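Scroll down for the structure; my scribbles are underneath it.
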Amino acid sequence: MQIIDPRSGKPLTADPDNTATTTANAERANVRPEDVIIELNAGNIQQILEASKQVPVLMGCYSPANEACRTLLAVLEKLAVEYAGAFLLAKLDIDTNPEIAGQLGVSSVPDVKLISQGGLVDGFQSALPEKEVREWLNRYFPASGEAPPSPEDLAEEALKAGDTAGARDIYQTLIGQYPEHYAYQIAFARVLVAENRYDEARDVLNNLPPEERDAAPARGVRASIEFSEQALSADEIAALADRTDSEAQYQRALRQIADGHYDEGLQALLALMKQDRAYNDDAARKTLLQAFDALGADHPLTVAYRRKLFAMLY
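First residue of the sequence shown: 1, per UniProt numbering; consecutive thereafter.
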């Protein structure tokens, strides 16, 4: 079902060249929360459904006692104002309106439904983090041109800048808000690795559910821990001086990977394979595979070097 902007008569979906996004943002005036957020009840539900023929309605079904609901509602309320009238947010307390919840087919909360032209367009049923809610909304509505960076973005920027304490604080807050969003716990472990707190990082990973603990993202952090623990220190690498034997080449490559210089490290391991495949029981190839795990299967370096490795072996 296509959602139409009642102001322009044009589809409310983000266009590739972002032209509609810019136009929509320019046309929207600043709004107050009470302009775009409504408490849904038996007395106004028909009016809200009728209103959805003019402007899309995002229905947030919640229970006040549910912490996940409170967290998600705060995100939805923030975004309703930020999107400045692109949609109305109608909040439904299922505890005080069980009949409406039953009519809407709400069996658990949080439950979010997008209504347009009186009908259901899409929805989701979990407390998604803000970044994922934005991505979901952006399927249907032009993104705000002045959207602030998400907490995840801020954490990654802090980590890249060497502010591991700042990144750690952000991820700890996100873990508290979304305890079942395990990507945050894995990212938190990655920050601990950057702080050389390897045992603590392992504890975080070991406490994940089995399906998360054994999946690629967690395996990648474990590989990073192993690289960091196995690699010689910078001083020890310097002491190798101009040595060009296989052991020296391997140790330099391991240090490069541990320091995050994957391209250089992978290239060095591939060169070592060509020169001395038998070194330390095929250590160069095995370490390449570990590095692929650390990067993830879809990382451009993994894809590129898997091809080079395949070409070399076959």
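All C-beta atoms, glycine included, are put in the ideal place defined by N, C-alpha and C.
These figures come from a predicted structure and were not determined experimentally.
Query: Start and end residues, beta strand (DSSP E) containing phenylalanine 124; Result: 119-124
Query: Continuous alpha helix (DSSP H) assignments of at least 4 residues falling wholly in the UniProt domain "Thioredoxin" (38-138); Result: 45-51, 67-82, 98-103, 130-137
Query: Buried or exposed by the 16-neighbour rule on C-beta atoms within 10 Å, applied to aspartate 298; Result: exposed
Query: Complete beta strand (DSSP E) runs within the region 254-300 (minimum length 3 residues, chain order); Result: none
Query: Helix, strand or coil at leucine 154 [DSSP, three-state]; Result: helix
Query: Rounded distance between the beta-carbons of leucine 295 and leucine 301, thought under 8 Å; Result: 6 Å
Query: C-alpha distance - valine 303 paired with arginine 277, whole-angstrom precision; Result: 21 Å
Query: Beta carbon of aspartate 293 nearer than 8 Å to that of glycine 220; Result: yes
Query: Boundaries (first-last residue) of the alpha helix (DSSP H) holding valine 31; Result: Element bounds for valine 31: n/a, residue is neither H nor E.
Query: Close-in-space but distant-in-sequence residues of the same chain around leucine 159 (CB under 7 Å, 5 per side omitted); Result: Ala167, Val191, Ala194
Query: Within 8 Å, strictly: CB atoms of glutamine 187 and tyrosine 171; Result: The amino acid occupying residue 187 in the given sequence is alanine; glutamine does not appear at that position. For alanine 187 and tyrosine 171, yes; Cβs fall inside 8 Å.
Query: First and last residue of the uninterrupted alpha helix (DSSP H) at glutamate 226; Result: 216-230
Query: C-alpha distance - alanine 283 paired with aspartate 203, whole-angstrom precision; Result: 27 Å
Query: The region 210-217 in contact with the region 237-244 per 3-pair CB rule at 8 Å; Result: no
Query: Cβ contact check for the region 74-92 and the region 33-48: 3 or more pairs under 8 Å; Result: yes
Query: Cα-Cα separation, isoleucine 45 to lysine 91; Result: 11 Å
Query: Threonine 23 - DSSP class collapsed to helix/strand/coil; Result: Residue confidence is low: threonine 23 scores 42 on pLDDT, short of 50, so the model does not pin down where it sits. Its coordinate-derived value is still stated next. Three-state result, threonine 23: helix.
Query: Burial state of asparagine 97 (16 or more Cβ within 10 Å); Result: buried
Query: Short Cβ contact (8 Å threshold) for glycine 60 with leucine 49; Result: no
Query: For alanine 241, three-class secondary structure by DSSP; Result: coil
Query: Neighbourhood of alanine 127 by C-beta, 6 Å cutoff - its chain only, sequence neighbours within 5 removed; Result: Ala68, Thr71, Leu72, Pro110
Query: Counted within 10 angstroms of its Cβ, other Cβ atoms place lysine 286 as buried (16 or more) or exposed; Result: exposed
Query: Euclidean distance between Cα positions of proline 81 and alanine 42; Result: What sits at residue 81 in the sequence shown is valine, not proline. Straight-line Cα distance between these residues: approximately 24 Å.
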